[in-house]
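Novice: Below: one structure in structure tokens.
In the numbering used here, the protein residues as written are 59 to 225.
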């Protein structure tokens, strides 16, 4: 798992201001901690899609993605890769604990976790790109529940369709 420190700094709102040595060491320590406690996993399936006016149906599932933004995003799509990923419960538990005892470290650890999960998703996306091209397809950018008008409460339905809890 790659954690790009420049991306961590971007998530923290860094704008090229000086960083003192203590903060720099804390960021490095948090990057190391995320690598140590993470148990990265993902699942991805590709579904044929039917795009309607304000909804996208994933073929052979009961999942419908509703909203004009996701419809516009997938308007010209024949297929949709659906991905779920996690760094594992230890990361969430550690951040939760730190939010009570060391908010600075919690914030930095959260930024490191964000970059770590993005890195994993980028790797999965890279793995999808070449097979898609072989089928004469291209891939769009990732789109997640909570973006635009795609409700975040669709997440459990996505996990169910992917059978993520068991796999």
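For each residue, glycine too, the CB sits at the ideal point set by N, CA and C. Note that this is a predicted model, so its numbers are computed, not measured.
So, are the CB atoms of residue 92 and residue 170 less than 7 Å apart?
Specialist: The count along the chain shown starts at 1 and reaches residue 92 at position 34. The count along the chain shown starts at 1 and reaches residue 170 at position 112. Yes; because the gap between Cβ atoms is below 7 Å, this pair is in contact.
Novice: What's the gap between the Cα of residue 111 and the Cα of residue 82?
Specialist: For the purposes of this step, residue 111 is taken as residue 53 along the chain shown, with counting starting at 1. For the purposes of this step, residue 82 is taken as residue 24 along the chain shown, with counting starting at 1. For residue 111 and residue 82, the distance between alpha carbons rounds to 49 Å.
Novice: Under DSSP, the alpha helix (DSSP H) around residue 222 begins and ends at which residues?
Specialist: Counting from one through the chain shown, the residue named residue 222 turns up at place 164. Neither: residue 222 is in no alpha helix (DSSP H) and is coded neither H nor E.
Novice: Opposite residue 116 in the DSSP bridges: which residues?
Specialist: Taking the first residue of the chain shown as position 1, residue 116 is located at position 58. According to DSSP, residue 116 bridges with 107.
Novice: Would you mind giving the Cβ-Cβ distance between residue 127 and residue 208, rounded to the nearest angstrom? I have them listed as a contact below 8 Å.
Specialist: For this step, residue 127 is matched to residue 69 along the chain shown. For this step, residue 208 is matched to residue 150 along the chain shown. The Cβ separation is near 6 Å, so the contact holds.
Novice: Looking at C-alpha atoms only, which residue of 67, 99 and 74 is the closest neighbour of residue 86?
Specialist: Taking the first residue of the chain shown as 1, we reach residue 86 at position 28. Of 67, 99 and 74, the residue nearest in Cα terms is 67.
Novice: Report the partner residues of residue 70 according to the DSSP bridge assignment.
Specialist: The residue labelled residue 70 in the question sits at position 12 within the chain shown. The partner list for residue 70 (beta bridge, DSSP) is empty, contrary to what the question assumes.
Novice: Do you know offhand how far residue 90's Cα is from residue 182's?
Specialist: The residue labelled residue 90 in the question sits at position 32 within the chain shown. The residue labelled residue 182 in the question sits at position 124 within the chain shown. Rounded to the nearest angstrom, the two C-alpha atoms are 22 Å apart.
Novice: Can you give the Cα-Cα distance for residue 184 and residue 199, rounded to whole angstroms?
Specialist: Here residue 184 refers to the residue found at position 126 of the chain shown. Here residue 199 refers to the residue found at position 141 of the chain shown. Roughly 11 Å between the two C-alpha positions.
Novice: Check this for me: beta carbons of residue 97 and residue 146, under 7 Å apart or not?
Specialist: Along the chain shown, read from residue 1 onward, the residue named residue 97 stands at position 39. Along the chain shown, read from residue 1 onward, the residue named residue 146 stands at position 88. Contact flag set, yes.
Novice: So what's residue 100 in DSSP terms, helix, strand or just coil?
Specialist: Here residue 100 is taken as the residue at index 42 of the chain shown, counted from 1. It is a strand residue.
Novice: Give the DSSP-derived three-state secondary structure of residue 87 in the structure shown.
Specialist: On the chain shown, residue 87 is found 29 positions in, with the first residue counted as 1. Reduced to three states, the DSSP call for residue 87 is helix.
Novice: Please determine if the region 115-135 and the region 211-221 are in contact, where contact requires at least 3 C-beta pairs separated by less than 8 Å.
Specialist: In short, these stretches touch, since the Cβ pair count reaches three.
Novice: Just verifying my parser: in three-state terms, what is the DSSP assignment at residue 137?
Specialist: The sequence position of residue 137 within the chain shown is 79, counting from 1. Note: residue 137 maps to strand in three-state DSSP.
Novice: I believe residue 290 touches residue 101 by the beta-carbon criterion, under 8 Å. Please report the beta-carbon distance rounded to the nearest angstrom.
Specialist: Any question about residue 290 goes unanswered here, given that the chain covers just 59 to 225.
Novice: From the DSSP output, in three-state form, read off residue 124 for me.
Specialist: Here residue 124 corresponds to residue number 66 of the chain shown, with the count starting at 1. Three-state DSSP puts residue 124 in a strand.
Novice: Can you give the Cα-Cα distance for residue 159 and residue 134, rounded to whole angstroms?
Specialist: Here residue 159 refers to the residue found at position 101 of the chain shown. Here residue 134 refers to the residue found at position 76 of the chain shown. Residue 159 and residue 134: Cα-Cα distance of roughly 49 Å.
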